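Before any comments, here is the structure.
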Amino acid sequence: MSKIIRRRPRRLRQSPAMRGLVSETRLHQSDLILPMFVADGIDEPREITSMPGVYQHTIDSLLSEVERAAEAGVRCVDLFGVPRPEDKDATGSAGLDPEGILNRGLAAVRERFGDDVVLIADTCLDEFTDHGHCGVLTVDRLGREVVDNDATLDLYRAMAVEQARSGAHVVSPSGMMDGQVAEIRAALDEDGAEDVAIMAYSAKFASAFFGPFREAVGSSLKGDRRAYQQDPANAREAALEVNLDVEEGADFVMVKPALPYLDVLRDTAANSPVPVAAYQVSGEYAMIKAAGERGWIDAERVMAEAVLSIKRAGADQILTYAAIDLAKEL
Numbered sequence: 002m003s004k005i006i007r008r009r010p011r012r013l014r015q016s017p018a019m020r021g022l023v024s025e026t027r028l029h030q031s032d033l034i035l036p037m038f039v040a041d042g043i044d045e046p047r048e049i050t051s052m053p054g055v056y057q058h059t060i061d062s063l064l065s066e067v068e069r070a071a072e073a074g075v076r077c078v079d080l081f082g083v084p085r086p087e088d089k090d091a092t093g094s095a096g097l098d099p100e101g102i103l104n105r106g107l108a109a110v111r112e113r114f115g116d117d118v119v120l121i122a123d124t125c126l127d128e129f130t131d132h133g134h135c136g137v138l139t140v141d142r143l144g145r146e147v148v149d150n151d152a153t154l155d156l157y158r159a160m161a162v163e164q165a166r167s168g169a170h171v172v173s174p175s176g177m178m179d180g181q182v183a184e185i186r187a188a189l190d191e192d193g194a195e196d197v198a199i200m201a202y203s204a205k206f207a208s209a210f211f212g213p214f215r216e217a218v219g220s221s222l223k224g225d226r227r228a229y230q231q232d233p234a235n236a237r238e239a240a241l242e243v244n245l246d247v248e249e250g251a252d253f254v255m256v257k258p259a260l261p262y263l264d265v266l267r268d269t270a271a272n273s274p275v276p277v278a279a280y281q282v283s284g285e286y287a288m289i290k291a292a293g294e295r296g297w298i299d300a301e302r303v304m305a306e307a308v309l310s311i312k313r314a315g316a317d318q319i320l321t322y323a324a325i326d327l328a329k330e331l
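Below, the structure written as structure tokens:
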């Protein structure tokens, strides 16, 4: 004989159809953004060993992969450039060059896909500098070598303008320089690119989860970026950074990484007047793939659950290297 239990939540879990009917969070292909790498000096796609299934692309293979993403329903890509080592210098000039690999990649994607795919450009110098930092270096009044915030802003202005001219719908400053959004917005508007949006890396933490990305872009970094990226201990500071970027004209704000900072993401989503993106970074992706390869977890289910949790925490857009596979499942 059944006990009299007035409220039985299990009633709404008893079949896939019932669970779908009452699902509180729904992930859609249009939520997903695929980060991609286009590399100079290679003749064929090159797999990134620490990120199984992710490649440095040639221009041709980049276009094929963007097409594959679009066919799966992923209609937004975020492009990073990987220059040849000999093209790196102290100011990252290859990132500003109209004929640099990133701008050539942007132009090729825009020419092929027009407005059918939203094209985001990474607006940062770290891939292009021979020291691997996100801006130009100087020596401060105490004799320390540091990134020169204000001198770097001038380069970001030029970089964003060139990316817009190359076809980017969105530029995405990720260097965490103070004032970067305002400077880029002004530069774009002065160049007649009022229609180009800014996705600001507003709460970007100095995270150990970025490790595999360093291989992906051939980073030359020695040391760390803790003097300009956020301290992982600080949540209120993240709110300050987000608010500043919104005031300066950001069209999107971002939390990066995603999964270790769901509390920050939830707070940001609750308070932001603009769309909120979150980046499932290379380390998050690589850990799931590696554990799956060892048979310790069902990698496909864990990846889907991780991305769903990012959506549940409030992300409007999710950058993930698993975007195509997830979109196919959806």
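Under the numbering used here, think of the first position of the sequence shown as 2, with each following residue one higher. Glycine included, C-beta positions come from ideal geometry on N, C-alpha and C. If you're wondering where the values come from, they're calculated on a predicted model, not measured in any experiment.
- Item | Entirely enclosed alpha helix (DSSP H) segments - the segment 180 to 245, minimum 4 residues | Scanning the segment 180 to 245 from its first residue to its last, the whole alpha helix (DSSP H) runs of 4-plus residues come out as 181 to 191, 212 to 217.
- Residues in its own chain within less than 8 Å of D268 by CB, not counting five upstream and five downstream? What you label residue 268 is simply residue 267 of the sequence shown in a count that begins at 1. Cβ neighbours of D268 within its own chain (closer than 8 Å, five residues either side excluded): A236, A239, A240.
- Under 8 Å between the Cβ atoms of V39 and R76? Along the sequence shown, one-based indexing puts residue 39 at 38. Along the sequence shown, one-based indexing puts residue 76 at 75. Not in contact: V39 and R76 (Cβ atoms no closer than 8 Å).
- Task: Report the residue from I6, M19, A70 whose alpha carbon sits nearest the alpha carbon of E330.
- Result: Residue 330 sits at position 329 when you count from the first residue of the sequence shown. It is A70.
- Message: What does the alpha-carbon distance come out to for the pair E163 and D123?
- Response: In the sequence shown, counting from the first residue as 1, residue 163 sits at position 162. In the sequence shown, counting from the first residue as 1, residue 123 sits at position 122. Near 12 Å, if we compare the C-alpha coordinates of D123 and E163.
- Within the chosen definition, does the segment 124 to 141 reach the segment 89 to 98 through at least 3 CB pairs nearer than 8 Å? Put simply, the segment 124 to 141 touches the segment 89 to 98. At least three CB pairs are less than 8 Å apart.
- beta strand (DSSP E) segments (min. 3 residues) lying fully within the segment 37 to 94: Within the segment 37 to 94, the complete beta strand (DSSP E) runs of at least 3 residues are 56 to 58, 77 to 83.
- Message: According to DSSP, is L28 part of a helix, a strand, or is it coil?
- Response: Position 27 of the sequence shown, counted from the start, is the residue given in the question as residue 28. Three-state result, L28: coil.
- Item | Cβ separation of M52 and Y280, assumed to be a contact under 8 Å, to the nearest whole Å | By 1-based counting over the sequence shown, the position of residue 52 is 51. By 1-based counting over the sequence shown, the position of residue 280 is 279. Not quite, the Cβ-Cβ distance comes to about 14 Å (not below 8 Å), so this is no contact.
- Task: Kindly indicate which three-state DSSP category E100 falls into: helix, strand or coil?
- Result: Looking up residue 100 in the sequence shown gives position 99. Note: E100 maps to coil in three-state DSSP.
- Query: Where in the segment 234 to 299 do unbroken runs of the beta strand (DSSP E), each at least 3 residues long, occur, reported from the N-terminal end onward?
  - Reply: Fully enclosed beta strand (DSSP E) runs of 3 or longer: 253 to 257, 277 to 280.
- Using 10 angstroms around the beta-carbon of Q15, count the other beta-carbons present and answer buried if the total reaches 16, otherwise exposed. If you number the sequence shown from 1, residue 15 lands on position 14. Within a 10 Å sphere around the beta-carbon of Q15 sit fewer than 16 other beta-carbons, which makes this residue exposed.
- Does the beta-carbon distance from L28 to L320 come in below 8 Å? Here the question's residue 28 lines up with position 27 in the sequence shown. Here the question's residue 320 lines up with position 319 in the sequence shown. Here L28 is not near L320, since their CB atoms are 8 Å or more apart.
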